[in-house]
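Here is the structure we will look at, set down as structure tokens.
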Amino acid sequence: PGPVLAAAAEPLDGPTLEWASTQAADAGIWLVAGSFVERRAGSERTANTSCLIGPDGAVVATYRKVHLFDCDVPGAEFHESSVVEPGDDLVLADAGPVGVGMSVCYDLRFPELYRILALRGASVLVVPACFTARTGPPHWEVLLRARAIENQCFVVAAAQQGSSAPKLRWHGESMIIDPWGTVLARGPVSDAVDDSSRHGTVVVADLDLGRLAEVRAQLPSL
451 PGPVLAAAAE
461 PLDGPTLEWA
471 STQAADAGIW
481 LVAGSFVERR
491 AGSERTANTS
501 CLIGPDGAVV
511 ATYRKVHLFD
521 CDVPGAEFHE
531 SSVVEPGDDL
541 VLADAGPVGV
551 GMSVCYDLRF
561 PELYRILALR
571 GASVLVVPAC
581 FTARTGPPHW
591 EVLLRARAIE
601 NQCFVVAAAQ
611 QGSSAPKLRW
621 HGESMIIDPW
631 GTVLARGPVS
641 DAVDDSSRHG
651 TVVVADLDLG
661 RLAEVRAQLP
671 SL
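The numbering of the sequence shown is this note's numbering, which starts it at 451 and goes up by one.
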């Protein structure tokens, strides 16, 4: 709902990114922080925003979700565009030797976005998302593996678990997929998670850039 998003919105220099920057710097890692509700100056609508943070804690890139979740599926209706302003730009950022193509949730259904990112040099495609319990089981893994295979990229997808309202349940199942379409690591679906514990899931995999080069040499399609 609009009032809920507006209340949660914060600027880029707000507490969410401040916390994420501290975590990245303390651990010396590259961190994708998002998505979160960004307050936009001069606009009544918010943005669905994700940022790439470097190991020094600096924000390297900012992506605002381009494709907004406006849909009507049995039992649920969503109109994200009524409260969220779409982004204007596709974002490819360098994380050391790795090109990171940024996206958020519903973007996953638009293959052209990922093809452009791959052609621009992406090796890793990141997809923070909260697919619903209705669309997640039939679509989530299929779409993620398709984006990995057709663009010959690693796909790293962090998925929200649990529920945020009595009738709004998220699918979960965070996943890391290699350029061949092999699932390297997988988190639990929400039905397998005890919401009362409020615990998160850590999914880890090694991304072998040599394997990426091998797949692209075997099946040149970019």
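Ideal placement from N, C-alpha and C gives every residue a C-beta, glycine not left out.
The model shown is predicted, which means the values in this text are computed figures rather than measured ones.
Whole angstroms is fine: what's the gap from Pro629's alpha carbon to Ala474's?
Here the alpha carbons of Ala474 and Pro629 stand approximately 26 angstroms from one another.
When you compare each of Gly622, Ala655 and Phe560 to Val639 by their alpha carbons, which one comes out closest?
Comparing Cα positions, the closest option is Gly622.
Where do the ends of the alpha helix (DSSP H) carrying Val592 lie?
Residues Gly586 to Asn601.
Ordered list of alpha helix (DSSP H) runs contained in the stretch 612–662, each at least 4 residues:
Correct list: empty.
Closer than 7 angstroms by C-beta to Arg489: which residues in its own chain qualify, once you throw out the five before and the five after it? Chain order, please.
Closer than 7 angstroms at Cβ, skipping near neighbours: Ala459, Glu460, Pro461 and Thr496.
Hey, which unbroken runs of the beta strand (DSSP E) at 3 residues or more fall wholly within the stretch 510–534?
Qualifying beta strand (DSSP E) stretches, in chain order: 520–523 and 526–529.
From what residue to what residue does the beta strand (DSSP E) around Leu558 run?
Bounds of any beta strand (DSSP E) do not take in Leu558, whose DSSP letter is neither H nor E.
Cβ shell of Ala608 (< 6 angstroms), same chain only, five flanking positions each side left out
Excluding sequence neighbours, Ala608 sits near Pro578 and Ser624.
For the alpha helix (DSSP H) holding Glu488, just list the boundary residues, first then last.
That residue, Glu488, is in no alpha helix (DSSP H); its beta strand (DSSP E) goes Leu481 to Arg489.
Once the 5 residues before and after Leu594 are set aside, which same chain residues still bring their CB inside 6 angstroms of it?
Counting only Cβ-Cβ distances below 6 angstroms, and skipping sequence neighbours, we find Val605, Ala607, Met625 and Ile627.
Among Arg619, Phe519 and Ser485, whose alpha-carbon lies nearest the alpha-carbon of Thr512?
Checking every option, the nearest Cα to that of Thr512 belongs to Ser485.
Quick one: give me the first and last residue of the beta strand (DSSP E) that Leu672 is part of.
For Leu672, there is no enclosing beta strand (DSSP E), as DSSP gives it neither H nor E.
Given a cut-off of 8 angstroms on the beta-carbon distance, is the pair Tyr564 and Arg597 in contact?
A contact, by the Cβ cut-off of 8 angstroms.
Where does the unbroken alpha helix (DSSP H) through Asp476 begin, and where does it stop?
Following the DSSP letters along the chain, one finds Asp476 inside the alpha helix (DSSP H) bounded by residues Pro465 to Ala477.
Beta-carbon contacts of Leu558 that lie in its chain and below 6 angstroms, excluding the five residues immediately before and after:
When the five nearest sequence neighbours on each side are left out, the beta carbons in the same chain lying within less than 6 angstroms of the beta carbon of Leu558 are those of Val577 and Leu593, in order along the chain.
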